[in-house]
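In terms of the numbering used here, the numbers along the sequence shown are unbroken and rise by one, the last being 563. Report on the following structure.
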Amino acid sequence: MRLTSFTDYTLRSLIYLGMNRDRLATIQDIADLHKISKNHLTKVIHQLGASGLVETVRGRNGGLRLAREPEDINIGAVVRQSEPDFFIAECFDQSRHDCIFTGACALQHKLGEAMRAFLTVLDSVTLADVLPRPRSAMGQALHEQPVVLHRLLK
Numbered sequence: 410m411r412l413t414s415f416t417d418y419t420l421r422s423l424i425y426l427g428m429n430r431d432r433l434a435t436i437q438d439i440a441d442l443h444k445i446s447k448n449h450l451t452k453v454i455h456q457l458g459a460s461g462l463v464e465t466v467r468g469r470n471g472g473l474r475l476a477r478e479p480e481d482i483n484i485g486a487v488v489r490q491s492e493p494d495f496f497i498a499e500c501f502d503q504s505r506h507d508c509i510f511t512g513a514c515a516l517q518h519k520l521g522e523a524m525r526a527f528l529t530v531l532d533s534v535t536l537a538d539v540l541p542r543p544r545s546a547m548g549q550a551l552h553e554q555p556v557v558l559h560r561l562l563k
């Protein structure tokens, strides 16, 4: 399964806004950080605003912020809302029947199972679950111990 860049940018924007709850962010902030088109990101933010996930504040000191708590934003729902379809193979698109195996191939059923499993996992995840954890001054995630893979011998 491959997500569209639109969904990728949607998730990145939500993560950025979730990490910066203490201030208003701008589309330019997110675009610059991820090195993506501001015009494309504007479309993403528009959809997030229309869906009630992002609140936009107009004016000179305006910007963006999450409209809901990160715990209340389901990643599975976000992905379903931002993906145009889930046609992971041609046989999933009812308007196309170019494959000679359509209707007789068991692969379509297995791919459908895989897609449902993929979405089931995402349905169990909230934005809060995927936000990066705070880092200490040394760059280690809090509550994690560094793993020593090997030691240099003198």
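Just so it is clear, CB atoms sit at the ideal spot from N, CA and C, and this is done for glycine as well. As the structure is a computational prediction, the values presented were derived from the model and not from experiment.
Limits of the unbroken alpha helix (DSSP H) element including residue i
i, result
"Gly521", "Leu516 to Asp532"
"Thr465", "Per DSSP, Thr465 belongs to no alpha helix (DSSP H); it is in the beta strand (DSSP E), Val463 to Val466."
"Ile424", "Ser414 to Met428"
"Arg489", "Ile484 to Ser491"
Three-way DSSP call (helix, strand, coil) for residue i in this model
i, result
"Gly472", "strand"
"Glu478", "coil"
"Leu536", "helix"
"Ala434", "strand"
"Ile439", "helix"
"Leu457", "helix"
"Ala513", "coil"
"Leu558", "Caution is warranted here: a pLDDT of 47 is assigned to Leu558, below 50, making its placement in the model unreliable, and no coordinate value can be reported."
Residue i versus the options, residue with shortest Cα-Cα distance
i, options, result
"Lys452", "Gly461, Asp441, Arg467 and Ile436", "Ile436"
"Arg469", "Gly485, Leu536 and Ala434", "Ala434"
"Leu420", "Lys519, Cys514, Ser460 and Val487", "Val487"
"Leu426", "Glu464, Asp532 and Ala459", "Glu464"
"Val475", "Asp417, Met428, Val539 and Phe527", "The residue you asked about is not Val; residue 475 is Leu in the sequence shown. Minimum Cα distance to Leu475 is reached at Met428."
"Phe415", "Arg430, Asp441, Asn448 and Asp431", "Asn448"
"Val539", "Thr413, Leu423 and Ile439", "Leu423"
"His443", "Cys508, Asp417 and Gln456", "Asp417"
Beta-bridge pairing of residue i - partner residues as DSSP gives them
i, result
"Asn448", "DSSP, once it has assigned bridges, lists no residue as partnering Asn448."
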